[in-house]
Amino acid sequence: RTEYIKKAVLCLLLGGVEKILENGTRLRGDINIMLIGDPSTAKSQVLRYVLNSAPRAIATTGRGTSGVGLTAAITTDKDSGERRLEAGAMVLADRGIVCIDEFDKMSDIDRTAIHEVMEQGRVTISKAGIHAKLNARCSVLAAANPVYGRYDEYKNPMDNIGMQDSLLSRFDLLFVVLDVMDPEHDARIAEFVLRMHRYRNPGEQDGEPIRIDGDVDNLATYEDKEEEEEMEVYVKHDNLLHGQKKNTQKLCSLQFLRKYIHVAKSMSPVLTREAAECISNEYAKLRTTDNLGNKSKTLPITARALETLIRLATAHAKARMSKTVEKRDAESAVELVNFAYFKETKKKTKRRKAGDDDDNDMMMTMMRRIPSDLTRKTGSVPERHLTQETRRQWRLKTDLKPQPSLNLLPLIPLQPVRE
1219 RTEYIKKAVL CLLLGGVEKI LENGTRLRGD INIMLIGDPS TAKSQVLRYV LNSAPRAIAT
1279 TGRGTSGVGL TAAITTDKDS GERRLEAGAM VLADRGIVCI DEFDKMSDID RTAIHEVMEQ
1339 GRVTISKAGI HAKLNARCSV LAAANPVYGR YDEYKNPMDN IGMQDSLLSR FDLLFVVLDV
1399 MDPEHDARIA EFVLRMHRYR NPGEQDGEPI RIDGDVDNLA TYEDKEEEEE MEVYVKHDNL
1459 LHGQKKNTQK LCSLQFLRKY IHVAKSMSPV LTREAAECIS NEYAKLRTTD NLGNKSKTLP
1519 ITARALETLI RLATAHAKAR MSKTVEKRDA ESAVELVNFA YFKETKKKTK RRKAGDDDDN
1579 DMMMTMMRRI PSDLTRKTGS VPERHLTQET RRQWRLKTDL KPQPSLNLLP LIPLQPVRE
């Protein structure tokens, strides 16, 4: 499951292709993703990795963020007393990514302020005599917890998320991250965390005190010119940092990944006819099937889902450095959407005693047998014979003495006695 999330984050870093039509209509190419799930499932780590790898990224938290802090605020200059406009986080992250942690802690009023930004890519301000439009063409990567703190698998995904459909429809993908109890998975996590605590930087001796950055010799005009080293594509394997090497796969360095994203993001792949037909057919299937079996949808399926498929297919083509969006790119986008849009909902089963099911099954089997045997012999089944025969066969079957609590009369529908 984590592979789908990693692939979606890569598509978010690359983005789709922005279209501006002749009449001025803008079709956004930014991809918005939300991660919602149990605590301690590494949602914040994903946000931190995006902050380090994206060319331009701004981080914020839901608890200490207001609507004007995300969009724009009007302040008063202390010296002149004039009103001035200050850009918010989403305006500062134009052509970049905004990472919002603890998204569920924001109030509904503050969340409403980003509706226009997520779809139109701009902020419209009409306050204190100032009328302005600010560009905020950024992608949103949000992490949130469910309504009940932990995700309840017996409730509908919409009840667990607890947000408005108007806001959820602006997210292209929504992933539900669960804390699954698996002994092998828990052992791998424990091994990784312990290795991280044992790791030391190369050249650092054991027991060496931590130095505080306070070099007095470096003046303000001092420029530390280091010789440019040749960029390494792959990271050297370290057993303590990466674990034991089990396969031949290599890890790309972060420096190379940044340059790769910068080059791939500038490409503009063209949608082919085969990919367009595949996306159109899959969108029609998504609209006609609201629920697949016992699976419920996590996002409302609207016309924005069609644009989501196009953006994901375009981003997948960018990752291949391709100039055209082929059918396999569309199939990968459909696979991502099907995984993110539908979530299985478990059903609660009533608990019964251990011996109740066996006794009831045996009684129902005997009740089905006896009428057919008596009907073949007599042609009709009197009610009193049916009751006596049922009791006799039951005692022979179970080899038990008759008990006063065993009464099969309530199981047989009785006819009213004629006077």
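Sequential numbering from 1219 applies to the sequence shown in my numbering. Virtual Cβ for every residue (Gly too), placed ideally from N, Cα, C. It should be emphasised that the depicted structure is a prediction, and the values quoted were computed from it without experimental measurement.
May I ask which residues mark the beginning and end of the alpha helix (DSSP H) holding Phe1557?
Position 339 of the sequence shown, counted from the start, is the residue given in the question as residue 1557. Unbroken alpha helix (DSSP H) run through Phe1557: 1545–1559.
So what does DSSP say about His1349, is it helix, strand or coil?
Numbered from 1 along the sequence shown, position 131 holds the residue referred to as residue 1349. Strand at His1349.
Determine the extent of the beta strand (DSSP E) in which Ile1318 is found, giving its start and end residues.
Taking the first residue of the sequence shown as position 1, residue 1318 is located at position 100. The continuous beta strand (DSSP E) containing Ile1318 extends over residues 1315–1319.
Figure out for me which residue from Gly1285, Leu1472, Lys1454 has the closest Cα to the Cα of Thr1466.
As a working note, residue 1466 is residue 248 in the sequence shown. Sorting Gly1285, Leu1472, Lys1454 by C-alpha distance to the C-alpha of Thr1466 places Lys1454 at the top.
Any idea if Met1414 is buried or exposed, counting beta-carbon neighbours within 10 angstroms, 16 or more meaning buried?
Stepping through the sequence shown from its first residue, residue 1414 is reached at position 196. Taking every protein chain shown into account, the CB of Met1414 has fewer than 16 other CB atoms within 10 angstroms, so this residue is exposed.
Which residues in the same chain as Lys1224 place their Cβ atom closer than 7 Å to its Cβ, once the five residues preceding and following it in sequence are excluded?
Sequence index remark: in the sequence shown, residue 1224 carries index 6 (1-based). For Lys1224, where only same-chain residues beyond five positions count, there are no Cβ hits under 7 Å.
Check whether the region 1480–1488 touches the region 1536–1556, counting contact only when three or more Cβ pairs, one atom from each stretch, lie closer than 8 Å.
The region 1480–1488 is in contact with the region 1536–1556.
To the nearest whole angstrom, what separates the beta carbons of Asp1248 and Cys1356, a pair I think is in contact under 8 Å?
For the purposes of this step, residue 1248 is taken as the residue at position 30 of the sequence shown. For the purposes of this step, residue 1356 is taken as the residue at position 138 of the sequence shown. The beta-carbon distance between Asp1248 and Cys1356, rounded to whole angstroms, is 6 Å. This is short enough to meet the 8 Å contact definition.
Cα-Cα separation, Tyr1417 to Val1411
Numbered from 1 along the sequence shown, position 199 holds the residue referred to as residue 1417. Numbered from 1 along the sequence shown, position 193 holds the residue referred to as residue 1411. Straight-line Cα distance between these residues: approximately 10 Å.
Would you tell me roughly how many angstroms separate the C-alpha atoms of Val1341 and Arg1302, rounded to the nearest one?
Along the sequence shown, one-based indexing puts residue 1341 at 123. Along the sequence shown, one-based indexing puts residue 1302 at 84. If you take the alpha carbons of Val1341 and Arg1302, they lie about 16 Å apart.
Using only CA atoms, which one of Leu1458, Ile1276, Asp1390, Ala1362 lies nearest to Gly1380?
Residue 1380 sits at position 162 when you count from the first residue of the sequence shown. Answer by Cα proximity: Ala1362.
Select from Glu1525, Lys1477, His1480 the residue whose C-alpha is nearest the C-alpha of Glu1500.
Stepping through the sequence shown from its first residue, residue 1500 is reached at position 282. When each option's Cα is compared against that of Glu1500, the closest is Glu1525.
Is Ile1479 helix, strand or coil when you go by DSSP?
Taking the first residue of the sequence shown as 1, we reach residue 1479 at position 261. If DSSP states are grouped into helix, strand and coil, Ile1479 belongs with the helices.
Spatially closest choice to Ser1271 from Leu1475, Glu1492, Ala1533, Ser1387, by CA coordinates:
As a first step, residue 1271 must be located in the sequence shown, where it is residue number 53. Taking only the C-alpha atoms, the option nearest Ser1271 is Leu1475.
Environment of Leu1231 [buried if 16+ CB atoms lie within 10 Å]:
As a working mapping, residue 1231 is identified with position 13 in the sequence shown. Of the other Cβ atoms in all chains shown, 16 or more fall within 10 Å of the Cβ of Leu1231; this residue is therefore buried.
Less than 8 Å between the CB atoms is what I'm expecting for Asn1378 and Val1365, so what's the real figure, rounded?
Here residue 1378 refers to the residue found at position 160 when the sequence shown is read from its first residue. Here residue 1365 refers to the residue found at position 147 when the sequence shown is read from its first residue. Confirmed, Cβ separation roughly 6 Å.
Using alpha carbons as the reference points, say which of Asp1256, Phe1321, Cys1229, Ala1535 lies closest to Val1268.
As a position in the sequence shown, residue 1268 is number 50, starting the count at 1. By alpha-carbon distance to Val1268, the top candidate from Asp1256, Phe1321, Cys1229, Ala1535 is Cys1229.
Since Ala1360 contacts Phe1393 with CB under 8 Å, what's their CB separation in whole angstroms?
In the sequence shown, counting from the first residue as 1, residue 1360 sits at position 142. In the sequence shown, counting from the first residue as 1, residue 1393 sits at position 175. A Cβ-Cβ distance of about 11 Å is found for the pair Ala1360 and Phe1393, leaving them out of contact under the 8 Å criterion.
Assuming Cys1255 and Tyr1372 form a contact by the criterion Cβ under 8 Å, report the distance between their Cβ atoms to the nearest whole angstrom.
In the sequence shown, counting from the first residue as 1, residue 1255 sits at position 37. In the sequence shown, counting from the first residue as 1, residue 1372 sits at position 154. The question names Cys, but residue 1255 is Gly in the sequence shown. That belief does not hold up - the Cβ atoms of Gly1255 and Tyr1372 are roughly 16 Å apart, past 8 Å.
Do Leu1469 and His1480 count as a contact pair if the criterion is CB distance below 8 Å?
What you label residue 1480 is simply residue 262 of the sequence shown in a count that begins at 1. What you label residue 1469 is simply residue 251 of the sequence shown in a count that begins at 1. Contact: no.
Which partner residues does Cys1470 have in the DSSP bridge list?
Counting from one through the sequence shown, the residue named residue 1470 turns up at place 252. Cys1470 is bridged by DSSP to Tyr1452.
Return helix, strand or coil for Phe1389, following the three-state DSSP convention.
Sequence index remark: in the sequence shown, residue 1389 carries index 171 (1-based). Note: Phe1389 maps to coil in three-state DSSP.
By the 10 Å Cβ neighbour count, where 16 or more other Cβ atoms means buried, how is Asp1591 classified, buried or exposed?
Locating residue 1591 in the sequence shown gives position 373, where the first residue counts as 1. Its pLDDT being 47, under 50, Asp1591 is placed unreliably by the model, and the measurement read from it follows with that caveat. It is exposed - the Cβ of Asp1591 has fewer than 16 other Cβ atoms within 10 Å.
Can the beta-carbon of Ile1497 be found closer than 8 Å to that of Ala1531?
The sequence position of residue 1497 within the sequence shown is 279, counting from 1. The sequence position of residue 1531 within the sequence shown is 313, counting from 1. Closer than 8 Å, so yes.
One question on the structure: do Val1395 and Leu1554 come within less than 8 Å of each other, judged by their Cβ atoms?
Here residue 1395 corresponds to residue number 177 of the sequence shown, with the count starting at 1. Here residue 1554 corresponds to residue number 336 of the sequence shown, with the count starting at 1. Result no, Cβ atoms of Val1395 and Leu1554 do not sit closer than 8 Å.
In whole angstroms, what is the alpha-carbon distance linking Leu1245 and Lys1545?
On the sequence shown, position 27 is the one that residue 1245 refers to. On the sequence shown, position 327 is the one that residue 1545 refers to. Roughly 22 Å separates the two Cα atoms.
Among all the DSSP beta bridges, which residues are the ones paired with Thr1294?
Mapped onto the sequence shown, residue 1294 falls at position 76. Beta-bridge pairing by DSSP links Thr1294 to Arg1301.
Between which two residues does the alpha helix (DSSP H) containing Gly1285 stretch?
The residue given as residue 1285 occupies position 67 in the sequence shown. First-last of the alpha helix (DSSP H) with Gly1285: 1285–1288.
Under the assumption that Arg1219 contacts Asp1390 (Cβ atoms under 8 Å), give the Cβ distance between them as a whole number of angstroms.
On the sequence shown, position 1 is the one that residue 1219 refers to. On the sequence shown, position 172 is the one that residue 1390 refers to. Contact flag wrong, Cβ pair sits at about 18 Å.
C-alpha distance - Ala1448 paired with Gln1473, whole-angstrom precision
Position 230 of the sequence shown, counted from the start, is the residue given in the question as residue 1448. Position 255 of the sequence shown, counted from the start, is the residue given in the question as residue 1473. Position check: residue 1448 holds Glu in this sequence, whereas Ala was assumed. So the two alpha carbons sit approximately 11 Å from each other.
Could you tell me the distance, in whole angstroms, from the CA atom of Gln1338 to the CA atom of Gln1382?
Counting from one through the sequence shown, the residue named residue 1338 turns up at place 120. Counting from one through the sequence shown, the residue named residue 1382 turns up at place 164. CA-to-CA, the gap between Gln1338 and Gln1382 works out to about 18 Å.
By how many angstroms is the C-alpha of Ala1331 removed from the C-alpha of Arg1281?
Sequence index remark: in the sequence shown, residue 1281 carries index 63 (1-based). Sequence index remark: in the sequence shown, residue 1331 carries index 113 (1-based). Between Arg1281 and Ala1331, the C-alpha separation is close to 15 Å.
Among Asp1312, Pro1401, Ser1298, Ala1502, which one has its Cα closest to the Cα of Arg1274?
Within the sequence shown, residue 1274 is the residue found at index 56, counting from 1. Just measuring C-alpha positions, the residue of Asp1312, Pro1401, Ser1298, Ala1502 sitting nearest Arg1274 is Asp1312.
Relative to the C-alpha of Ala1548, which residue among Lys1503, Arg1522, Leu1489, Lys1561 is closest?
The residue given as residue 1548 occupies position 330 in the sequence shown. Closest by alpha carbon: Leu1489.
Is Lys1506 helix, strand or coil when you go by DSSP?
The residue you call residue 1506 lines up with position 288 of the sequence shown. According to the sequence provided, residue 1506 is Thr. The question's Lys does not apply to it. Helix.
Would DSSP call Met1252 helix, strand or coil?
Taking the sequence shown and counting its residues from 1, the one referred to as residue 1252 is at position 34. If DSSP states are grouped into helix, strand and coil, Met1252 belongs with the strands.
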